[in-house]
Amino acid sequence: MPELIEIEAYRRLAEAKALGRPIAEVVAPDAWWLKGGLTAGALSDALVGRVFTAARRTGKRLLLETSGAGPLLGLRFGMTGKLLVDGTAGVDELIYSSNRDVGAWDRLMVVFDDGGDLRVRDARRLGGAELEPDEARLGPDAAGLTPAVLARVLGTSRAPLKARLMDQARVSGLGNLLVDEILYRSGLDPARPAGSLDPAEVRRLAGWIRRTLDRLGDLGSHAGEVGPARRPGGVCPRDGTPLVRRTIGGRTTWSCPTHQR
DNA sequence: ATTGTGGCCTGCCCGC
DNA sequence: TGCGGGCAGGCCACAA
180 MPELIEIEAY
190 RRLAEAKALG
200 RPIAEVVAPD
210 AWWLKGGLTA
220 GALSDALVGR
230 VFTAARRTGK
240 RLLLETSGAG
250 PLLGLRFGMT
260 GKLLVDGTAG
270 VDELIYSSNR
280 DVGAWDRLMV
290 VFDDGGDLRV
300 RDARRLGGAE
310 LEPDEARLGP
320 DAAGLTPAVL
330 ARVLGTSRAP
340 LKARLMDQAR
350 VSGLGNLLVD
360 EILYRSGLDP
370 ARPAGSLDPA
380 EVRRLAGWIR
390 RTLDRLGDLG
400 SHAGEVGPAR
410 RPGGVCPRDG
420 TPLVRRTIGG
430 RTTWSCPTHQ
440 R
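Sequential numbering of the first sequence, starting at 180, is according to my numbering.
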């Protein structure tokens, strides 16, 4: 599923291939996919004749700026959404998502004057598009999170550490698989109260967030150490302990009871 | 405010 | 071979 890492790949794709191309037409056949009262007609009126001028990202949201004082276009990809420009996908494979080439799953298509297009293909319709998204609703991006900022994110919260890290209003970009991987590497129990970490543990966690994002940046969220072991009968690749499966923060959570404390 | 829960979307996989 | 049920997780509405 797309997390920060995949959305960053989408951002780079959009930046490399979708900027500066005059928009001729917008096709948005699924009204449900348009958020915040947006309609296909309004979206078309807002974009046609303009060009995308910049591709930014906060957490899992992709932001496309438009020319001529045009609106900001915000795209969310849910867990099965893919970005394609001129038919080229931003990532090769998406775990939990079909990689079939089904045009009916295209929820948004921005057609350029030159005949190419930018489109979002989202089988499960969990993503969406909106104009002028509220940028203050998302916490600081997980990429570049310093120990000091992480300490503020965790605060004195008694919520499970994992739930706090997945709370997009506190820190944005981390999803279920990525958090399991980060906590596995950090040797921290996902069920620990978020505020119970001592300063050394906060520094350690911040370091593993950075290193995990760097390391998986070219491989994808699913390419972690613990990823392949997230299944019944899976054992810890590090010490061989059977992994424990729990629901934490409303999400299926796999962790090692031996080295995650 | 904080924390937890349930529902939504629908393709896919497993077992019968 | 077809079918039904469970599962996946990001996000939101809602409750205590």
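Glycine included, each C-beta is placed from N, C-alpha and C at the ideal position.
Residues R200, P201, I202 and A203 of the same chain have their beta carbon placed closer than 7 angstroms to that of F291, with the five preceding and five following residues left out of the count. Nearest in C-alpha terms to L367, of all of A195, E311 and I388, is I388.
Annotated three-state conformation of V328 is helix, per DSSP.
In this structure, the beta-carbon distance from L252 to T245 falls below 8 angstroms. Burial check for E314: the Cβ neighbour count within 10 Å stays below 16, so the residue is exposed. One alpha carbon belongs to E182, the other to G238, and they sit about 8 angstroms apart.
Restricting attention to beta strand (DSSP E) runs no shorter than 3 residues, the region 300-364 encloses them at 307-310, ordered along the chain.
Secondary structure note for V381: its alpha helix (DSSP H) is the uninterrupted segment P378 to L395. Rounded to whole angstroms, A188 and L395 show a C-alpha spacing of 12 angstroms.
L340 is positioned such that its CB atom lies closer than 8 angstroms to that of A373.
Judged by DSSP in its simplified three-state form, D296 adopts strand. Ranked by Cα distance from P326, the options R382, D301 and R304 are led by R382. With respect to the 8 angstroms criterion, R298 and L287 are classified as neighbours on the basis of their beta carbons.
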